[in-house]
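Going by my numbering, the sequence shown opens with residue 3, and the numbers climb by one from there.
The beta carbon of each residue, even a glycine, is placed where N, CA and C say it ideally should be.
One structure is given below, encoded as C-alpha cells.
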Amino acid sequence: MTSVDTTAAVLVSLEVATWTVVLSTPPAMALGWLLARRSFWGKGLLSAVLMVPMVLPPVVVGLLLLELVGRNTVLGGAFAAVGLPLSFSGAGAVLAAVVVSFPMYVLVARSAFESVEPGLEDVAASLGDGPWRVFTRVTLPLAAPGIAAGAVLTFARALGEFGATIVLAGSQEGETRTIALAVYALLDHPDGEPAIWPLVAMSAALSTVALIGFELLNRRARRWRER
Numbered sequence: 003m004t005s006v007d008t009t010a011a012v013l014v015s016l017e018v019a020t021w022t023v024v025l026s027t028p029p030a031m032a033l034g035w036l037l038a039r040r041s042f043w044g045k046g047l048l049s050a051v052l053m054v055p056m057v058l059p060p061v062v063v064g065l066l067l068l069e070l071v072g073r074n075t076v077l078g079g080a081f082a083a084v085g086l087p088l089s090f091s092g093a094g095a096v097l098a099a100v101v102v103s104f105p106m107y108v109l110v111a112r113s114a115f116e117s118v119e120p121g122l123e124d125v126a127a128s129l130g131d132g133p134w135r136v137f138t139r140v141t142l143p144l145a146a147p148g149i150a151a152g153a154v155l156t157f158a159r160a161l162g163e164f165g166a167t168i169v170l171a172g173s174q175e176g177e178t179r180t181i182a183l184a185v186y187a188l189l190d191h192p193d194g195e196p197a198i199w200p201l202v203a204m205s206a207a208l209s210t211v212a213l214i215g216f217e218l219l220n221r222r223a224r225r226w227r228e229r
C-alpha cells in the first residue's frame, strides 16, 4: 500500500467522522434535552432503545442495517434510486458510524442538559422569556461545553469504527476504506506491515487529540456548573 493509499484512508476517516458529528448533533441535542427535561410515558423504553447500538456487537449492527437499507430492500432501493445508496457507499460508511456512535452522543447531551440548573430557566421565564428564548439564551449556552465534549467523543468513536462499516459499506479504497479498514486490508498482505504502522500512528494521534479535546471541554463544563 502506498503513501497515497494511506492519505486516502486518513481523508476518508476524517470525512466520515466529520459527517457523523454534523448529522448526529441536531437529533442528539433534541433527544438529550427531551430525556433530561421532560417526563412522558415510555421515556425509559425510549432511553433503552437508543442505547441498543451501544451494547450490540458492531458487526451485528452492520448486518441489521444491511437488512434495513441494503439495495434489495424497499428503503435502500428508494435511496439508491435517487442517487444515494446507503450500502457499499460513502453514505453507508457514514450511516454505520452514526448509528454506532449516536447513543454515546445522546448520553453526553442528556447529561449536559441535566447539569443546567432548572431554577435559572425559571428565572428567565419569570422575566417574560418564552420557551425558545429561554432555551437559546439560558439552557443551550450552559449546556454547550458538555454538548461540544459529546461531539468530540462522537468524532473519536467514528474514527475507530470498523465492524458495522465493513459489513454495511465494504472496504472500497478512497470511498469507504477508513484507517481501521486499511489496516485490516494490509494484514492480508505479507509485505503490508511497513505500511500499517503509519496508519496506526495516525489513528492513535487523531484519537488522542480528540480525547484530549473531550477532557478539556469536560473540565470547562464542570467549571460552568460550579459557578
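Which class does residue i belong to by DSSP, given the choice of helix, strand or coil?
| i | result |
| --- | --- |
| T75 | coil |
| T9 | helix |
| F216 | helix |
| T167 | helix |
| T20 | helix |
| P192 | coil |
| E177 | coil |
| D124 | helix |
| L58 | coil |
| W43 | coil |
| P105 | helix |
Would the beta-carbon of residue i fall within 9 Å of that of residue j?
| i | j | result |
| --- | --- | --- |
| L77 | L66 | no |
| A10 | L183 | no |
| V18 | A160 | yes |
| L52 | A111 | no |
| F115 | T141 | yes |
| E163 | T180 | yes |
| V185 | V211 | no |
| I168 | G64 | yes |
| V102 | A166 | yes |
| T8 | A197 | yes |
| A170 | L88 | The sequence given here places Leu at residue 170; Ala does not occur at that position. Against a cut-off of 9 Å, the Cβ pair of L88 and L170 comes out as a contact. |
| P105 | M56 | yes |
| L208 | A158 | yes |
| L25 | V118 | no |
Pull up the distance between the alpha-carbon of residue i and that of residue j, whole angstroms please.
| i | j | result |
| --- | --- | --- |
| R222 | G72 | 42 Å |
| A98 | G44 | 26 Å |
| G94 | S128 | 47 Å |
| F137 | F90 | 40 Å |
| A126 | A145 | 16 Å |
| A80 | V61 | 24 Å |
| G46 | V108 | 14 Å |
| T4 | P192 | Summary for T4: the model assigns pLDDT 47, below 50, so the residue's position carries little reliability; its value from the coordinates is reported in the next sentence. Their backbone Cα atoms lie some 15 Å apart in a straight line. |
| T20 | L189 | 27 Å |
| S173 | N74 | 20 Å |
| S41 | F216 | 29 Å |
| L68 | P200 | 31 Å |
| L58 | I149 | 24 Å |
| P120 | L48 | 23 Å |
| V54 | M31 | 18 Å |
| A187 | A206 | 18 Å |
| A83 | E175 | 23 Å |
Going along the chain, which residues of its own chain have a beta-carbon closer than 7 Å to the beta-carbon of residue i, five neighbours each way excluded?
| i | result |
| --- | --- |
| T231 | Look at the range of the chain in this structure, 3 to 229, and you will see that residue 231 is not part of it. |
| A38 | R112, F115 and E116 |
| L16 | none |
| G92 | E177 and T178 |
| L213 | A158 |
| P29 | none |
For the ligand MN, I want to know if residue i counts as a neighbour, meaning its beta carbon is within less than 8 Å of at least one of the ligand's heavy atoms.
| i | result |
| --- | --- |
| F42 | The ligand MN is not part of this structure, which contains no ligands at all. |
What residues in its chain sit with their C-beta under 8 Å from that of residue i, if we drop five residues either side in the sequence?
| i | result |
| --- | --- |
| R139 | A126 and D131 |
| Y195 | The sequence shown places Glu at residue 195, not Tyr. Excluding sequence neighbours, E195 sits near L188. |
Residue i and residue j look like a contact to me (Cβ under 8 Å); what is the Cβ gap, rounded to whole Å?
| i | j | result |
| --- | --- | --- |
| P147 | L219 | 5 Å |
By Cβ distance, which residues of its chain are closer than 6 Å to residue i, with the 5 residues on each side in sequence left out?
| i | result |
| --- | --- |
| M204 | V12 |
| V6 | Bear in mind that the predicted position of V6 carries a pLDDT of just 43, short of 50, making it unreliable; the figure below should be weighed with that in mind. None. |
| V100 | T22, L25 and S26 |
Does any residue of chain C bring its CB to less than 9 Å from the CB of residue i?
| i | result |
| --- | --- |
| A93 | Within the model displayed, chain C is absent; a lone protein chain is all it includes. |
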